[in-house]
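Asks: My questions will all concern the structure given below.
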Amino acid sequence: MKFHTPRLSDLQSNRTAELVKKTALAAEIASLRAKLARESPSEGNAADNRVRAIMGEAVLPDTRPDMVSLGEMLQEMQIINKSIAIFDGLIAKEKGVASKLLCQAEEPEVTRLGKAFAKAFVDLHASQRAYHEHLDKIQDTGASISSLPHVFINGLGDARDRSGTFFYSMRDLIEAGYLSSLPKEFK
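Structure, rendered in structure tokens:
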């Protein structure tokens, strides 16, 4: 039993890749902000490199001004966040497709198990009812039945109660399509 579609796996992988990028970028932004809190923003070295080139000296690798770099990183963070939000929506939609496919594939087995459950529940109801009715007949003779075990399944209530759990559970089983009708005791 698999809850997936090929597209769902791809979307989740792509979302994870964006989260990895976001984590790395957030670390870069935090590092730059910490630097800016300690010292003045760098203006980069473009002007110094132009002077070096004019003087015939070796040009250093370009560094961008800190504020420009920060602005670009923040803009990239917005793009990543938007991408993640879009992936979240697409993943939710694809999970709906995967759910529908899984439920369609599993419906025959769920129906088989539901019908077996319904039959067992009806049998339990009939057995409990017969058990209690027999104990009641003994007690109706005037005998004290305290020496006989008298078991109640409290959560299910009395099998003869039309407003009890048995009755409403039977109705739920009919509504689900696992029983065709109420047992004759409830009609």
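Just so you know, we're using the numbering used here here: the sequence shown kicks off at 594 and counts up by one.
Beta carbons: idealized from backbone N, C-alpha and C, even for Gly.
In this text the structure is predicted, and so the values were computed from the model without any measurement.
#1: Report the start-end ranges of each beta strand (DSSP E) in the segment 688-731 that is 3 residues or longer and not cut off at the edges.
#2: I'd like to check one pair, Leu749 with Met763: are the Cβ atoms closer than 8 Å?
#3: Near Glu787, which residues of its chain fall below 8 Å by C-beta distance, leaving aside the five closest residues on each side in sequence?
#4: With DSSP as the reference, label Met594 as helix, strand or coil.
#5: Within its chain, find whatever has a CB closer than 7 Å to the CB of Ile673; leave out the 5 residues flanking it on each side and keep chain order.
#6: Assess contact between the segment 641-650 and the segment 720-730, defined as three or more Cβ pairs (one per stretch) separated by less than 8 Å. Is contact present?
#7: Specify the secondary structure class of Ala736 as computed by DSSP and reduced to three states.
#8: Which same chain residues end up closer than 7 Å to Gln605 when comparing Cβ atoms and leaving out the 5 residues on each side of it in sequence?
#9: Assign Glu768 to buried or exposed, taking buried as 16 or more other Cβ atoms, counted over all protein chains shown, within 10 Å of its Cβ.
#10: When we look at the beta-carbon of Gln721 and count the other beta-carbons within 10 Å, is it buried (16 or more) or exposed?
#11: According to DSSP, is Ser575 part of a helix, a strand, or is it coil?
#12: Could you tell me the distance, in whole angstroms, from the CA atom of Pro599 to the CA atom of Ala678?
#13: Which same chain residues end up closer than 8 Å to Gly770 when comparing Cβ atoms and leaving out the 5 residues on each side of it in sequence?
Replies: Per the coordinate set shown:
#1: none
#2: no
#3: Residue coverage of the chain in this structure runs from 594 to 780, which leaves residue 787 outside it and unanswerable.
#4: DSSP, reduced to helix, strand and coil, places Met594 outside both helices and strands of the structure shown, so it counts as coil.
#5: Glu611, Lys614, Lys615 and Leu618
#6: No, because fewer than three Cβ pairs between the segment 641-650 and the segment 720-730 fall closer than 8 Å, the two stretches do not touch.
#7: DSSP, reduced to helix, strand and coil, places Ala736 outside both helices and strands of the structure shown, so it counts as coil.
#8: Ile684
#9: exposed
#10: With 16 or more neighbouring CB atoms inside 10 Å of its own CB, Gln721 falls in the buried class.
#11: Summary: the structure shown does not reach residue 575, with the chain confined to residues 594 through 780, and so no result is reported for it.
#12: 20 Å
#13: Thr704 and Gly707
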